[in-house]
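Note sheet for the following structure.
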Amino acid sequence: KAGVTQTPRYLIKTRGQQVTLSCSPISGHRSVSWYQQTPGQGLQFLFEYFSETQRNKGNFPGRFSGRQFSNSRSEMNVSTLELGDSALYLCASSLGDRQPRGNTIYFGEGSWLTVV
Amino acid sequence: QKEVEQDPGPLSVPEGAIVSLNCTYSNSAFQYFMWYRQYSRKGPELLMYTYSSGNKEDGRFTAQVDKSSKYISLFIRDSQPSDSATYLCAMMDYSGGSNYKLTFGKGTLLTVNP
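Just so you know, the protein sequences line up as chains L and F, in that order. Our numbering applies: residue 3 is where the first sequence begins, and numbers increase by one. Our numbering applies: residue 215 is where the second sequence begins, and numbers increase by one.
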C-alpha cells in the first residue's frame with residue numbers, strides 16, 4: 003500500500019512570503035503529524051491532527067498552522083517566512099489509536115523548504 | 215537537561231562489525247520506544263519499536279530498553295555498507311496531552327566502510 007506522500011518535495015521562498023505544504027497519509031490512517039527537521043535542532047514536533055481536530059501542539063509560533071480534511075489529508079502553512087524556517091518538513095501518519103500499536107508512526111519523504 | 219540525549223557521532227565501522235547505538239532519556243513517562251533510520255535527503259524509516267523493557271530482535275537488529283536506567287540501545291550485527299545512515303531514537307509517553315507526540319534524539323550518523 004502507498005506510503006505517506008508529501009508535496010512539493012522542494013521549494014524556495016522569499017522571506018516574508020507564506021507557504022503551504024501538503025500531506026496524504028497512508029490509507030486508513032486518521033492521524034497526521036508534522037515535524038520540522040534542522041541540523042541544529044533535529045526533529046521537532048509541530049502539531050498532530052486526528053479526525054480534522056488538532057489534538058496536540060508543539061512549541062512553535064502561531065505562524066505555523068495546519069489543518070486536516072475529512073479524507074485525512076493534511077496541509078501545513080507557514081506565514082511570514084523567516085530565514086530560520088529553512089528546514090525539512092516531515093509529515094507522519096498513524097492509526098491514531100490510544101494504544102501503543104496504533105501509534106506506530108510512518109514518515110513521508112519530506113518537503114525541503116529554503117527561505118532566501 | 216534535554217529529554218532525549220543521543221551521541222551524534224559520527225561513527226565509522228568496518229563492514230561486518232557489530233554496531234551499538236544508544237540514547238538516554240530523562241522523562242520517566244516515556245513508555246514507547248522506536249528507532250528510525252534516515253538516509254541522506256530522505257524521510258525517517260521505522261526500524262523497530264518496543265514498549266517494554268528487555269530485548270527485541272528483528273534480523274540483524276536488536277533493540278534493548280532498560281527503563282530503570284532510562285537507557286535504550288540498538289545493536290546492528292554484521293553491519294553492511296547499506297546500513298550507512300543516520301539513526302534516530304524516538305520516544306512517546308501516554309500522559310495527558312503528550313500523546314501522539316514523538317520526542318527524538320538528534321541522531322547518530324553511521325558509516326559502514328566496505
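Beta carbons are placed, not taken as given, at the ideal position from N, Cα and C, and that holds for glycine. All values derive from a computational prediction rather than experimental measurement.
Quick one: residues in its chain with C-beta nearer than 8 Å to the C-beta of residue i, no 5 flanking neighbours on either side, listed in chain order?
i               : result
S282 of chain F : S267
S72 of chain L  : E54
V227 of chain F : V233, S293, L324, T325, V326, N327
Mind checking if residue i is an interface residue toward chain F, Cβ cutoff 8 Å exclusive?
i               : result
N58 of chain L  : yes
L23 of chain L  : no
I28 of chain L  : no
E111 of chain L : yes
L97 of chain L  : no
L13 of chain L  : no
T9 of chain L   : no
Y91 of chain L  : no
Strictly under 8 Å for the Cβ-Cβ distance: is residue i near chain L by that measure?
i               : result
F289 of chain F : no
P258 of chain F : yes
A244 of chain F : Note that residue 244 of chain F corresponds to Phe in the displayed sequence, not to Ala. For F244 of chain F, the answer is no, since every Cβ of chain L falls outside 8 Å of its Cβ.
G321 of chain F : yes
L316 of chain F : yes
L261 of chain F : no
L302 of chain F : yes
When burial is assigned at 16 or more other CB atoms within 10 Å of the CB, is residue i buried or exposed?
i               : result
P10 of chain L  : exposed
G68 of chain L  : buried
A4 of chain L   : exposed
D280 of chain F : exposed
Y12 of chain L  : exposed
I107 of chain L : buried
If you draw a straight line from the alpha carbon of residue i to that of residue j, how long is it in whole angstroms?
i               : j               : result
P27 of chain L  : Q252 of chain F : 19 Å
Q19 of chain L  : T40 of chain L  : 20 Å
S287 of chain F : A277 of chain F : 6 Å
V117 of chain L : G98 of chain L  : 32 Å
Y285 of chain F : S240 of chain F : 9 Å
G273 of chain F : T82 of chain L  : 47 Å
S74 of chain L  : Q56 of chain L  : 12 Å
Q46 of chain L  : E229 of chain F : 32 Å
A231 of chain F : P295 of chain F : 11 Å
I290 of chain F : R17 of chain L  : 43 Å
E271 of chain F : K256 of chain F : 25 Å
For residue i, which residues from the same chain have a beta carbon less than 6 Å from its beta carbon, with the 5 sequence-adjacent residues on both sides left out?
i              : result
S35 of chain L : E50, A94
Just to confirm, does residue i get its C-beta within under 7 Å of one of the non-hydrogen atoms of the ligand FMN?
i              : result
R75 of chain L : Summarising the ligand content, the structure contains no ligands, and the ligand FMN is consequently not present.
Within the same chain, show all residues whose beta-carbon is closer than 7 Å to that of residue i, passing over the 5 residues directly before and after it, in chain order.
i               : result
Y37 of chain L  : L45, Q46, F47, L48, L92, A94
Y89 of chain L  : It should be pointed out that residue 89 of chain L corresponds to Ala in this sequence rather than to Tyr. Q38, Q39, T40, L115.
D307 of chain F : N241, A243, F244, Q245
Problem - Members of the segment 42-56 of chain L near chain B, C-beta cut-off 7 Å - result: The chain inventory of the structure shown lacks chain B, comprising the protein chains L and F.
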